[in-house]
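Chemist:
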Amino acid sequence: MIEIVSAGPLATVQDLGRAGWRDRGVSRCGALDELALQSGNLLVGNAPGTAALEFTLGAATLRFHADTCLAITGTDADADASLDGRPLRPWWRQHVRAGQTLKVAAPRERMRSYVAIAGGLALPQRLGSLSTDLAGGFGGLDGRALRNGDRLPLNPGAALPGRSVGVRPPDWTPVVRALPGPEHQHFTAQAREAFWASDWTVTPQSNRMGYRLAGPALQRERGAELASHGVLPGVVQVPPSGQPIVLLADAQTTGGYPKIAVVIRADLWKLGQLRLGAPLRFAACNLDEARDALRSQHLLLDRMRTALCMST
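Number 312 marks the last residue of the sequence shown (the working numbering); no jumps.
#1: Nearest to Ala-249 by CA position, among Ser-129, Arg-28, Gly-8, is which residue?
#2: Check for me: the beta strand (DSSP E) holding Ala-291 runs from which residue to which?
#3: State the beta-bridge partners of Ser-6 as determined by DSSP.
#4: Taking C-alpha atoms, which residue in Gly-137, Trp-92, Thr-68, Gly-74 lies nearest to Pro-317?
#5: Within the same chain, show all residues whose beta-carbon is closer than 6 Å to that of Ala-99, passing over the 5 residues directly before and after it, in chain order.
#6: Roughly how many whole angstroms lie between the Cα atoms of Ser-198 and Arg-220?
#7: Using the Cα positions of Pro-239 and Gln-252, report the straight-line distance between them to the nearest angstrom.
#8: For Leu-62, which residues of its own chain have a beta-carbon under 6 Å away from its beta-carbon, when the five flanking residues on both sides are left out?
#9: What did DSSP end up calling Glu-54 once you bin it into helix, strand or coil?
#10: If we count Cβ pairs, one from each stretch, closer than 8 Å, do we get three or more for the segment 162-177 versus the segment 268-275?
#11: The beta strand (DSSP E) spanning Ala-283 covers which residue range?
#12: Find the nearest neighbour of Val-262 within the set Leu-280, Arg-275, Val-231, Gly-255, judged by alpha-carbon distance.
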């Protein structure tokens, strides 16, 4: 059992989300930094997609009522964390005894941190996932953000991995690679150039559904809105204001705004770590480069799994 002593501004249960339900209007949801989630799970001996705790701009405090093993990921490598006052290293496997209290400080540069626990959380799946859908009000713990005093059961009998080991956090920069979107040519030449050349700013009107960006207004050559159509996380829509919106994990399943670009899947985790007010730049790539980037990410996780198995 884990007790949430302090949940911070926004804490939820997230795994890799709900695949295969978008045609029925159900958002994918899931961890905004999938690379951090999977890394933490590998550290504690879980399957990569096991549900963990996601903290947005947390400081968070957890009390453990059972012996277990955890890993803190997503946050900065030198972020402050402690177990009963003893400093802990993020991105390392840590053993915990019943009665101990974990404190995780807010990230200095990044936006989200994750706490993965050996064996995972003993919560019911909804549509094949434990991810919290805040808009739909289901998944996670009663379909809501975690609160102070909540208690989360752990799956019993989890095999605890051996000695404390760590992994290197992935390099992070506020530059994401993107493909030109289906309506890229609907925008003026000046707008297309400005989109790729500008430093955009993440505005306070952003959340898990999407980041609203501030920068030069992008003008269209064709003014009519599109018929409603399917959209995915990573799509960059441009509403009539000309200020782009980057869709994230909790985004709706349909939209009618033109899509100037689509962030590649391998870089979606970077979006999840952008703080409000942070700069963001898009770098154009092609489909082959996008596929190569995703293969490289899968290879990184495979190598991490192999190295951790050898160290156990």
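Note that beta-carbon positions come from the ideal geometry of N, C-alpha and C, so glycine has one too.
Modeler: In short:
#1: Arg-28
#2: What sits at residue 291 in the sequence shown is Arg, not Ala. According to the DSSP assignment, Arg-291 belongs to no beta strand (DSSP E) but to the alpha helix (DSSP H) extending over 287-311.
#3: Thr-61
#4: The chain is shown from 1 up to 312; residue 317 falls before or after that span and cannot be answered.
#5: Checking the sequence, you will find Gly at residue 99 rather than Ala. Once the five neighbours on either side are set aside, Gly-99 has no close Cβ partner at all.
#6: 17 Å
#7: 15 Å
#8: Ile-2, Leu-102
#9: strand
#10: yes
#11: 279-284
#12: Val-231
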